[in-house]
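First the structure, in the form of structure tokens, and then the observations on it.
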Amino acid sequence: MSDLTEAARPAARAPARPGRLDFLVNRRGWLGSMMIAPAVLYILLVVGVPFFLALYYSLTDITAGSRTLHFVGLRNFSAILDSPKFLTALRNTFVFAIGSQVLVLVLATVLALALTKDFRGKWLVRLLILLPWVAPMSLGSIGWLWILDSIYSVINWTLEAVGLIRPDNWPMYLGKPYLAMMSVIGVHVWRLLPLATVILLAGLTSIPQEIHDAAQVDGASPWHHLVQITLPLVRPIMLVATLFGLVFAFTDMIVIFVLTRGGPYDTTQVLSTLAFFTGIQGGDLAEGAAIAVFLFPLLVVVAILFLRIARRTEVV
Amino acid sequence: MDGQRVNRRQFIKATGAGTLATGIGANIIVPGRARAAKKTLKILQWVHFVPAYDEWFNKKLAKEWGEKNDTEVIVDNIGIAGINPRATAEVSAQKGHDLFLFNWPPPTFEEQTVDMKDVYQELEKKLGKPIDLCVKSTYNPKTKKYFAFSPSFTPDPVNYRQDLFSQVGMPNGPKTWDEVRTVGAKIKKDTGHPVGVGLANEIDTAMALRTIMYAHGAHEQDANGNLTLNSKQTLETIKFVTALFKEAMTDEVFTWDASSNNRAMIAGKLSLALNAISITRTAEKQDPAISAKIQLTKALKGPVRAIGLEHVMDCYVVWKFAENIEGAKKFLVDYTTNFHDAFVAGEFYDFPCWPKTVPDITKLISNDPKAHPPDKYKVLDDVLNWATNVGYPGYANAAIDEIYSTWVLNVMFAKAASGAASPEDALKEADSQCRRIFAKWKEKKMV
């Protein structure tokens, strides 16, 4: 019996020799840093380096065709502040960013609230909501360019077909200043809505069910439930979503570049497109860089403010 | 090896050694194989509007020239919107193509390009002098440098609907800008077909509005590069365009991109547009019925002159950091000398800057079996006499380039036409911007 037991027992293994990298792998905290390192490196290289380069260029006289540059201090910034084109673009940037974010916030809240309920076809609704985020922005913008086209607009074709407009008075979505701004805001909202909805949905589903039950027991109306319980609890998440959206909106170029190129007559020109036209098309890299980084201090303040408010309103 | 498991360390060792052996092994096994030290010539240009041109250039010309000159010719084609960003990137990296084609004069990149004086001189010996437009687009009189080389350009004729203009007694189309305004208004009122001169932030608008300006005697600068935008003639031109818009056009023109006038003309919506022959060539392929109705006419006369702009100015640069500068220059000389083939392959889209390279140009354009009628393009036989450069009567310099690229004049005309600003205020604002731009580039000593 003992022989069988002996035979059945697996041969004892010799203890493993320590590997060369064990002192790193087993070090507390090292593995986490190693995992996040590629992402940090990516952000440093793809975001950090260009950003600091742009800051540097904005203080020089560099052009697209020159490799020599001279420090000129804040001359580029004072020059752009004298330019009516820049001031128009600055105003348009705020209109575009704030306008689109208000819409995103309201619509995303409605969608997220709807998606917390169970209903038939919920998976399809989720898929449709996510689709704009999945498509490359440039392709989506080109699609919208055709939808809003002056000749082939499917919206106008449909409106004419049902008799709501005449062939000789088609709305020119990209040709009238207010319509053009509404169009670019609309496309931007279409693009950002999925992200905001998903973030808000995550916030809503993290609210403990007991709180909803308690509110129901106490007889809170749906409106009071929403305004005094749900929204305050998702406020931190909402602020983060708004911050993301604002940063995207302040820096977005693709929608306006594809749809209007800043027209009609600069009424949709924003800082990012003006920076591109001035710096890359026009060759004045230094002035383009100054336009591009102009809002950086403001965005930093906004980001800090939002994150502090979000932290303070977190319910532990 | 049954039952023996390979651990992670052994696996990595084995595969690493195998990879290393494969890399070295090729050289050990075939030690006599030498790497061919063939020259390369890298060319970057746009995706040509005429696909047959790229087919000819990339697969025939590049291949044959490469074989003849023991050079591997690599041609990359990109969309027109990517040209400036790509050029900026190559300059920044100090690495890229040997030959780089811009579809407009690139004075901003002068510091990075080799002087093409020798290419011009060699071709002048063979072919005589090039047209003035070519020199004005590629030469900087301040630095006395040919910063680019232009073998060809694309004319910008007037495309008009012969059937519509015939109804008002003009079967050969309008001859003056005033006729475009008065007759164009009548056609719009009677048939619902407006005139199509863009008022948007895009290149066709930029060209068309300068055509009207120069015909009215208004200019961004004089022959010596001094800013002259703020003039009585410019104000008159703004008022003319405002009246043209109100009487003969629609709001659609504010929405346009570079292809919109093409689409609108081929869709049968417009009575007239200024464009390269891309409209007519597309119509020939897609809609022969409309093709027969769209005809061409020469530059229209304004109060001062009849003049048209180039629609595309093909300007090759050779970067200072190019790896094969001599090969690039030789390619340009050979390409230009034999430009006849390019003219035919491009379906007459690109006209020669050296007239002698296409001596039978009149014969070719007077009898094109694809055209409706075959002599449709005959009106272009003297285009070398009425096409001019952006910045006329001066040179295409960096300030003119930035004014063009940031749509300063487009916005000026659009604001006045839409009523967003009075003509005087629109001109004042544009002039202020132009002053700033000129001052900036003068300080950089490029103007």
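Protein chains in written order, with this note's numbering: chain A, 37 to 352; chain B, -1 to 445. From the three backbone atoms N, C-alpha and C, an ideal C-beta is built for every residue, glycine too. These numbers come from a predicted model, not from an experiment.
DSSP three-state call for residue i: helix, strand or coil?
i	result
B:K143	strand
B:I129	coil
A:R347	helix
B:P153	strand
A:R127	helix
B:A24	Confidence in B:A24 is poor, its pLDDT being 43 and thus under 50, which makes the residue's placement unreliable; the coordinate value appears in the next sentence. Looking at B:A24 - three-state DSSP - the assignment turns out to be helix.
B:I78	helix
B:K327	helix
B:R208	helix
B:E200	coil
B:K134	helix
A:V253	helix
A:F88	helix
B:P350	strand
B:E70	strand
A:F155	coil
B:V445	coil
A:F107	strand
A:G298	coil
B:R279	helix
B:Y390	coil
B:Q231	helix
Listing by chain order, which chain B residues have their CB less than 8 Å from the CB of residue i?
i	result
A:G222	Per Cβ cutoff of 8 Å: no residues; A:G222 is ~15 Å from chain B at best.
What does residue i touch in chain B if you count any residue whose Cβ is under 7 Å from its own?
i	result
A:Y301	V409, A412, K413, S416 and A418
A:G211	D249, E250, F252 and T253
Tell me which residue opens and which closes the beta strand (DSSP E) that residue i is part of.
i	result
B:H338	Unbroken run through B:H338 is the alpha helix (DSSP H), F337 to A343; no beta strand (DSSP E).
B:F460	Nothing can be reported for residue 460 of chain B, as the shown portion of chain B is limited to -1 through 445.
B:T295	I292 to T295
B:L272	L270 to L272
For the alpha helix (DSSP H) holding residue i, just list the boundary residues, first then last.
i	result
B:M311	No alpha helix (DSSP H) holds B:M311; the beta strand (DSSP E) holding it covers G306 to V316.
B:Q43	Taken as a continuous stretch (DSSP letters only), B:Q43 belongs to no alpha helix (DSSP H), being part of the beta strand (DSSP E) at K37 to W44.
A:T241	P213 to T241
B:A50	P49 to W54
A:R111	R111 to L117
B:E427	P421 to E441
A:M274	L267 to T287
A:E196	V190 to A197
In chain B, which residues lie with their C-beta within 9 Å of the C-beta of residue i?
i	result
A:M173	Correct list: empty, because the minimum Cβ distance to chain B is about 15 Å.
A:R297	A198, N199, E200, D255 and W405
Identify the contact partners of residue i in chain A, using a Cβ-Cβ distance below 9 Å as the criterion.
i	result
B:A262	S186 and I187
B:A265	I187 and Y188
B:S258	D185, S186 and I187
B:Q431	S119, P120 and K121
Just the chain A side, please: which residues come within less than 7 Å of residue i by C-beta, in chain order?
i	result
B:A396	G319
B:E400	G318, G319 and D320
B:Q284	Chain A residues near B:Q284: none, gap ~14 Å exceeds 7 Å.
Which residues in chain A sit within 8 Å of residue i, going by Cβ to Cβ distance?
i	result
B:E427	P120
B:R434	A115, D118 and S119
B:S289	Result: empty, since nearest Cβ-Cβ is about 18 Å, beyond 8 Å.
B:K361	Under the 8 Å cutoff, chain A gives no residues; its nearest Cβ is about 38 Å from B:K361.
Nearest chain D C-beta to residue i closer than 8 Å, yes or no?
i	result
B:K438	The structure shown contains no chain D; the protein chains it does contain are A and B.
### Message
Taking contact to mean 3 or more Cβ pairs, one atom from each stretch, closer than 8 Å, check whether the region 160 to 172 of chain A and the region 249 to 260 of chain A are in contact.
### Response
no
Q.
Below 8 Å, how does it come out for the region 239 to 248 of chain A and the region 188 to 208 of chain A: are there three or more Cβ pairs, yes or no?
A. no
Closer than 9 Å, Cβ to any Cβ of chain B: which residues of the region 309 to 320 of chain A, in chain order?
L310, F312, F313, T314, G315, I316, Q317, G318, G319 and D320
Report task. Decide yes or no for the touch test of the region 361 to 375 of chain B against the region 339 to 353 of chain B: beta carbon pairs closer than 8 Å, at least 3 of them. Result -> yes
Counting beta carbon pairs with one atom in the region 123 to 138 of chain A and one in the region 299 to 308 of chain A, are three or more of them shorter than 8 Å?
yes
Would you call the region 54 to 70 of chain B and the region 119 to 126 of chain B touching, i.e. three or more CB-CB distances under 8 Å? no
Output, in sequence order along the chain, the residues in the region 102 to 113 of chain B whose CB is closer than 9 Å to any CB in chain A.
-> P104, P105, T106, F107, E108, E109, Q110 and T111
Quiz item: Mind listing which residues of the region 97 to 130 of chain A have their C-beta closer than 9 Å to chain B's C-betas, in chain order?
Solution: D97, T99, A100, G101, S102, R103, T104, A115, D118, S119, P120 and K121
Quiz item: Do the region 317 to 330 of chain A and the region 147 to 154 of chain A make contact, defined as three or more Cβ pairs closer than 8 Å?
Solution: no
* Is it a yes or a no for the region 238 to 253 of chain B touching the region 176 to 189 of chain B, going by three-plus beta-carbon pairs under 8 Å? -> yes
Could you say if the region 259 to 277 of chain A and the region 312 to 322 of chain A meet the contact criterion of at least three C-beta pairs nearer than 8 Å?
no
TODO: Check each residue of the region 269 to 294 of chain A: if its Cβ is closer than 8 Å to any Cβ of chain B, include it; give the result in chain order.
DONE: none
Short of 8 Å Cβ to Cβ, which residues in the region 190 to 224 of chain B face chain A?
G190, L197, A198, N199 and E200
* What residues from the region 194 to 211 of chain A come within 7 Å of chain B, judged by C-beta to C-beta, listed N to C? -> D204, M208, L210 and G211
Review point. Which residues, taken in chain order from the region 71 to 89 of chain B, show a beta carbon closer than 8 Å to some beta carbon of chain A?
Key: N82, P83, A85, T86 and V89
| query | Do the region 314 to 322 of chain B and the region 351 to 359 of chain B meet, that is, are 3 or more Cβ pairs less than 8 Å apart? | reply | no
- Could you tell me whether the region 91 to 111 of chain B touches the region 52 to 66 of chain B, using the rule of 3 or more Cβ pairs below 8 Å? no
Below 8 Å, how does it come out for the region 421 to 434 of chain B and the region 154 to 173 of chain B: are there three or more Cβ pairs, yes or no?
no
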